[in-house]
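Notes to accompany the following structure.
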Amino acid sequence: MRVDGLKAYYQTRWFGITREVRAVDDITLRIEHDEIYGIAGESSSGKSSLIKTIAGAIRPPLNVVGGTVNFDFGTRKVDLYTLKPEERTAIRWKHLAYIMQGSMSVLNPLRRVRQSFIDFAFRHMGMPMPAFLKAVEDHLLRLHLQPGVLDSYPHELSGGMRQRVVIALATVCRPGFIIADEPTTALDVVVQKSVLTMIREVQREMRASILFVTHDMAVHANLTDRLGIMYAGRLVEEGRTRDLFRNPRHPYTLHLIRSLPRIGDAEPRQGLEGTPPNLADPPPGCRFHPRCPIAMDVCRVMVPPMQALGGGHRVACHAVTEGTVQ
Amino acid sequence: MKTYAIYLAKRLLQFVLVVFIGINLTYVISHATPIDPVEQTISALTSFGNTSPEAIETMRESLRELYGMSGTPLEQYVSFWSRIVVGDFGPSLSAFPTPVSELILRALPWTIGLLVVATVLAWLLGNLLGGLAGYYRKNRLLKAMGLIAMGLHPMPYYVVAFVLLVVFGFLWPVLPISGGSGIGVGRGFSFDFISSVLLHSLLPALSLVVVGLGGWFLGMRALVSNIVTEDYVVYAELGGVDRRRILTSYVMRNALVPQVTGLAMSLGAIFTGAIITEEVFGYPGIGSLLVDAVHAGDYSLVLGITSVSIVAVSLAVLVIDLLYPLLDPRVQVE
Amino acid sequence: MLKIFRDLLRFNLEFAIGTLIVSIIVGLSVLSFFSPYPPEDIYVVAPDVPPSWEYWLGTTSRGQDVFWQMTAALRNTLLFGIAVAAISRVISLTIGLVSGYMGGMTDRVLMSINDTFIIIPLFPILVLFYFVMRDSMSWALLALIMAALGWAYDARLIRSVAMSLRTREFTSQCIFSGMSPRQIMTREHLPYVLPIVFSTTLNNMNWSIGMEVTLSVLGFTDINTPTIGSMLYWANQHTALVAGVWWWIAWPVIAVMLLFIGLYLLATALNEYIDPRSRLSRMGGAT
Amino acid sequence: MSGADTALLDVRGVSRSFWTGGLLSRRRIDAVKDVSFTLTDARPEIFTIIGESGSGKSTLARMILNGMNPTSGSIAFGGEELTTIRKTRDRMRFMSRVQPIFQNPFESFNPLSKVDRYLTMTARNFTEARSRAETDDASDRALRKVGLSLAEVKDRFPHELSGGQLQRIAIARALIPGPRLIVADEPVSMVDASLRVAIVNLFKDLRDELKVSIIYITHDLATAYYISDRIIIMRKGEVVESGDARAVLDNPQHPYSILLKDSVLSPDVPDDDEPKTIERDRAARSH
Amino acid sequence: QDVISSLPRKETLILENPEGTIKNAGWFNIWAINAGGQYTGLQQLAMDTLWYIDPEKGLEGPIDNSLAAEAPKYNADFTEMTVKLRSGIFWSDGVEFTADDVAYTVETQMKNTGMRWGPILSLNVDSVSAPDPQTVVFKLKRPNSRFHALFTVRFNAIWIMPKHVFEKAPDPMRFDFNKPVSLGAYALHSFDPEGKWFIWQRRDDWQRTTLGRFGEPGPKYAVYVDGGPPDKRVIAQMNHNMDVVHDVAPEGMFTLAKQSKSSRGWFKDFPYAHPDPTLPALLFNLQRADFQSKDVRWALALLIDIKAVSMASYRGAATISAIGIPPTGTHPDDYHIPMQDWLKNFELDTGKQKIKPYDPTVGKQIADMLRPSMKEQIPTDQAAIDKSFGMGWWKPNPQAAQELLQKAGFTKRGSNWYTPEGKPFSIRVMVEGESRPVITRAGTMIAQQWRQFGIDAKTELAQGTMLDRRNSGDFDTLISWSVESYGGHPDLAYFLDSWHSQYVAPAGKPQAPRNYMRWSSPELDGIIEKIRGVGFDDPRSIELGRDYVKLAVREMPTIPLMAYNVFVAMDDTYWTGYPTAEDPYANPVPNWGNSRYMMVRLKPRGE
Ligand SMILES: Nc1ncnc2c1ncn2[C@@H]1O[C@H](COP(=O)(O)OP(=O)(O)OP(=O)(O)O)[C@@H](O)[C@H]1O
Ligand SMILES: Nc1ncnc2c1ncn2[C@@H]1O[C@H](COP(=O)(O)OP(=O)(O)OP(=O)(O)O)[C@@H](O)[C@H]1O
Ligand SMILES: [Mg+2]
Ligand SMILES: [Mg+2]
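Order-wise, the sequence lines are chains A, B, C, D and E. Each residue of the first sequence is one higher than the last, beginning at 1 in my numbering. Each residue of the second sequence is one higher than the last, beginning at 1001 in my numbering. Each residue of the third sequence is one higher than the last, beginning at 2001 in my numbering. Each residue of the fourth sequence is one higher than the last, beginning at 3001 in my numbering. Each residue of the fifth sequence is one higher than the last, beginning at 4001 in my numbering.
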């Protein structure tokens, strides 16, 4: 999958107040087959917005302002935003599945889980109903869910189970590309771990690509192959997860990783000062400069370009470019 | 199942409570009226014809005895309740000695027939069209309907009924404007009778539907336009779920839940509707019976009618409440 | 507040139309103070004159100028609606907030009463009241009774908001700031339900005015006070419709229809303003 | 203040159960089962309660804050049984010594009120401060303890402040009465990593400088390890393990504690050739 | 479309039943208390009794011996009345009518004082006997020269019960008499259980009824229907769906006259309405302090501009009367015309001056006032004007009114009047509302005129409570009638007897009918007692009647206004030969018992 120069803004006009929130601002990235690509960043840095744009799940007020999203599903290559609506619908679930943020509420509360499966997946599977249900049950079993959940209403399931049902729903058609937006927040650590394990398992099995978003760095550290860091609507750093954790180059990434407390380590740590930027009126130049400990004059006026550092590691920081950092 | 029984019991208790409060309220109000049914009867009897004053006194005594209006207020209240629990409202005072229950039973089918049918029809149509209008926001026809509904909905029912009456009964006299069936049409399961009843119910039913429809239409449309932004609808759309399926099983189905409660509430308005509809269109039924009874100072009939309507409405609400868990599996016992 | 009003006016067509209509009506009712003769008087002008230059809206069979009659009627009708709305708002706010905040037994008792009021058939009760009060059923008394009967539904609405407010963290924060329940209800929760109160006010006015019109037309109120309902009452008394004095009926009906539509539009616009979700769906068709 | 050996908070065998469920399935939930612990006044500490979600942490916190009665067992604060604290005066006295901090900084303040109102109200209700100047002064002093000042906060609405600021204002407010105990229920779960550290650092300062005991409720083992002195681990309402925080977390004994610790994903990436935890699990599973 | 599909319209007469919807339609026992409808055709077509008296001329004179073969015969001291009955009269079930039926009627009701005429019969009758099938003898408990009036239909009377039917009922009070057996020329055909219509069919043996003497009744079917509100009745007649409308608002009548060629009223032209022998008046509650002085009452009378009241209430279509006798039937000849001179010379002392308040030209003034808009519809002939609009009335005289009020101790401060006690002089004018629109309008006008004079006057609507409040004396003033007469006969005892002070109830207690103003006057009592002593047809009773009028003018216990004009609208699309002012053979007002005489004169159109 390739994303080029993607811009998506929330454009709201409400009783005379026009606001443009630049939630996704000029983002370019690639995701290969059979890898998990993670996106991290502060709350409201535009992660969900990016993901919605990539999944084609935009609705007003979120509008795509520029850029392209291209998928390569092996058998066919598509540009999501030039596709006819019917074709887009056809691709969905068969090739491209999406796990929304807040997946607690994505299931119709008045429909049994079984019916949701039929609604979403039946027509893609091309098999008679009994066989289809069997396939679904098998799939659920793989996710350690009893077939009994099919007869439940969503509210009868615990958070973890619901989350797993949604994952099952997204993966039952074995799509080549899965987009997941914070599928494990709101789960406690024990459940979270098992869900993540499952995601990994499914991915490996299907050799699918996953775009995985969360602001929990620990999850990234353990799950993703590559990682992109977003700050205020921009991608500020990208690279192999291990490289990024070991050798973060952008001051924001650096700080993010340094501030993580660990069990067995009671070293004092420092929080990040200042407030996150308002995306309706982002600071000029590098958007991180008001909070950046090493901000220079150039940061205040010029947007730093993405700089390749080798090994797929890219960063957008004047300091790195000029070598003032490390 | 046990919890359902507890719920049932609680709901029943509430039902009894509401009925009890309601009937007491009407008892108190109706007994506070200065109208004395005996005097009322005497006035009616003597306003024509020659009756001497002494004769009136004799008559007053006989009537007082006949109407059973003796005893202290407390005794009357107790005997009222002891009779009412077995469904005996006593004889009507203005149609003595015909029992109140007989009068009510005669009137009830008309009211129920017309109003319940019209209310439910308005509900069904309004929700269907409103749901469609909320989902297909761009459809011209539905938009136009929305405008009409918007204009009609706030209108007081009387005004609408009156305008309809003028239009179809006077300016363009094609529909009967009074009565429940034609003059001289015999009762029975005959074509004549049924067609006559249907014809006579057209205008009142139309007025009820026109007014009711608008409210449901707008309510449903608003609900649906909220529901389409719910995560599960968005997700279903992203998942490429059949649009008709989304409309029916995701949008309408979920919007229906509050609307059913609304239906229960609007059943409460039936008896209000009954009075106005029946007065405007001269339709027979419980509403005109009530107005008559009030005019005649016949409080046993008034109490009978209000009690029946309170019980009926509370019962309707109760039934809908009890069915609610079927409609919405999420409902919890408090 | 003023800014919200201006924004609504500028950017919400419904609100603008509603405001326009309601201001016309209010304007008319203010004009009633300049009426050349008392509105109750009859035979002050030639009867049955159709709309003309001299009598814009015609005159009634009772020898009243429909225009001046209508201004007085609108004034009284509006005042009636406002009175009912104001009183019933106070009741529903009190009951709703207390019940929602207190919960428990208080809530259950209050809601039982509330449910009774929702369920009992209103109109028969009103008619009954008319007979108890008999002929001393004045305008103010009717307003009081209507208010006493018309709060229940809104109280439930307010209660449900208050209930959710109670579980919000800031309410606990208030408790631990040492605020008393009364302070919390009036200072912290009231602002939240005010928008609801506002938009239900308009609906309530619609309801009470409609009730008043209906009751008057059926002759169950004080017909000496000119209101839209009593105007129609008198017109019916004079078989104005079949007698061809259509202007006696048409103008008040049009006026009351406008009033209702105006109030309704205002209520919907406000509702929309309050509800954040419909704000979003306004931005462009959802599908 | 009470003597050195008086317990500040004494939780003895506290249990609490609820009835829940849908219409057709009703069941009892023992949210808290027989929990006991003691905090002493002499040695302020950060006492952490950790556990899976639904393990009864918040329920326990509410009982300590006297917002709910235990089904059995008792809680005493400063030697006084909480159940005896019912009168408004007693409650106020209790609240001046025990204060809460809530989970969601954005939710802890009424978006329609200015944030300094909470500070002022707390100052007025729990301290001697009466006049505007006095309350301002009290607020400012409290704010300075958390690295803010009244000038930054005055007349601002919650939406004008960042989550970190808001959470600090909430803490400042809790400090105004000069409490002995602060109960913080998941104060950092809604904020992102960098803010988290800032807030727990503040807790440390409170303990060390103001000698306030803190009950810190969290899911996050890492911050618990980082700041707490003692810890209890809860599961399904029961305390499964307790003791010195570092000791317990370094070397958990109870199977659940072990599972919990194992489930915590470490933000450390392993070496290139070593599989990640999740990979390990996956591999283990597929066999 | 046709209203009636099941009956041949050409043979059917449709009349309005002003009772509206009968809530207990299946009840025909008219002798029990009013459990069902009465004017559903029941009293008009199915019932019969001894005599009928017409408010107008009648078919063969105002008095018709119906079941009785001749006028009643009293003994000298009026303690016994003997009645000879007709023979050859049969009930609709074929049983012959005899004196036993009459005796049974009386005895049954005397036994059951809860029955309609039970109390009055048991008060008067000692015993009743039927010495032979054609003779009934009533022995009375005390002298009563007008006992026969109980069996004389003005509006209604004691109807004769079928002994052979009621005998079989265990309790005559709880017997519904469905289906009714009739003595009249019509028998019940069918009825609406909802009480909206009743259909009566001409008896095949109509000759064997008392109406048979006048020939065959025209309509084969007579249908009494609920007319609904006034506009619906007008619409119904315009669509030829209602042949006789009982009453509409004046405007409705004008509309019908203008728009429907086939409709007409009692008068061919203005004022259309049939004046009932009933006199709406403003009744003072004489037990209230403010109205105890006749000066106050006169003052209030002199503040009324009857022309405006006539316009406001009937749009001018009223027949005014200054005296307490309806200006209808034969009354003008007996009272109004002979008394003109007395009225013209009547003097009133205001305390400051003496005035002659009577203005004999008011009727003419009304006619003149109406003529520009009504053109040739308004008669010019003085006799016709007198008949249509009435003769004279009191001239408005605010100056005299002021003097009279001051004489009575009232004071004017600013523009408002105060009672002698210093309270604002406030008067509520009670009216009945929608059920009597013209009365309501008259009240509104009168209140306005008083208000303009500085009295706090207002109408008070007593819809549905009017009868009750009237009887219990719960009013200041009231527009209603305390005067009802025969119209076709000069005797006034019908109402006047009940004005005797012996019947006046103390304040707060219910007042027996007619003397609702609770007037007690020894002078009046004297007149009444004298009338009791003279016979029904004795010319002396007219003299005594005039004495009553003079007394009432001086005392002004009520302010007489006008005849109760009923806008009966008759449609001759299907039927011709209705009674009219030109041919006043019967009362067309269809709820009156004597409207039955109309049937024999009605002919299908085109015959
Ligand atoms: N519907 C909307 N209208 C206007 N602005 C919006 C809307 N939704 C989100 N935003 C704004 O867009 C920005 C990015 O939001 P987004 O949800 O993409 O963040 P995120 O990184 O996913 O945050 P989180 O970690 O909290 O999920 C935020 O500043 C947010 O306030
Ligand atoms: N008011 C209540 N009524 C019914 N059940 C309740 C109530 N409060 C809590 N519970 C139940 O008690 C159990 C413990 O809840 P509690 O909120 O204390 O857990 P927690 O440990 O704070 O969980 P989390 O980590 O999700 O905040 C849960 O199963 C919850 O559903
Ligand atoms: Mg997000
Ligand atoms: Mg919790």
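Where a beta carbon is used, it is the ideal one built from N, C-alpha and C, also for glycine.
Residue from the options whose Cα sits closest to the Cα of residue i
i        : options                                   : result
G2027(C) : R2075(C), Y2153(C), G2210(C) and A2016(C) : R2075(C)
I1148(B) : L1213(B), G1262(B) and L1303(B)           : L1213(B)
R314(A)  : G126(A), A90(A) and H250(A)               : H250(A)
E3160(D) : F245(A), P276(A), P305(A) and E182(A)     : P276(A)
N4565(E) : Q4463(E), N4065(E), S4313(E) and D4305(E) : S4313(E)
S4066(E) : R4208(E), D4305(E), E4251(E) and S4262(E) : R4208(E)
R3156(D) : S3113(D), N3104(D) and D3205(D)           : S3113(D)
I2113(C) : A2086(C), G2018(C), Y2153(C) and I2125(C) : Y2153(C)
T4079(E) : V4125(E), Q4448(E) and G4443(E)           : V4125(E)
E1061(B) : M4238(E), S4127(E), K4412(E) and G4118(E) : G4118(E)
Y4335(E) : I4199(E), T4113(E), I4323(E) and L4085(E) : I4323(E)
T1111(B) : S1309(B), P1325(B) and D1328(B)           : S1309(B)
Simplified DSSP assignment, three categories, for residue i
i        : result
E2014(C) : helix
G3079(D) : coil
R4518(E) : coil
A2286(C) : Residue placement at A2286(C) is flagged as unreliable, the pLDDT there being 28, under the threshold of 50; the coordinate-derived value follows with that caveat. Correct three-state label for A2286(C): coil.
S2023(C) : helix
Beta-bridge pairing of residue i - partner residues as DSSP gives them
i        : result
T3040(D) : A3007(D)
N70(A)   : R2(A) and D79(A)
S3017(D) : D3030(D)
L62(A)   : Y10(A)
M230(A)  : G41(A) and L235(A)
H313(A)  : G310(A)
M4430(E) : E4460(E) and L4478(E)
R3230(D) : F3047(D) and D3244(D)
C-beta contact flag for residue i and residue j at 8 Å
i        : j        : result
T4350(E) : A4281(E) : no
N4017(E) : V4245(E) : no
R4174(E) : Y4494(E) : no
G311(A)  : G239(A)  : yes
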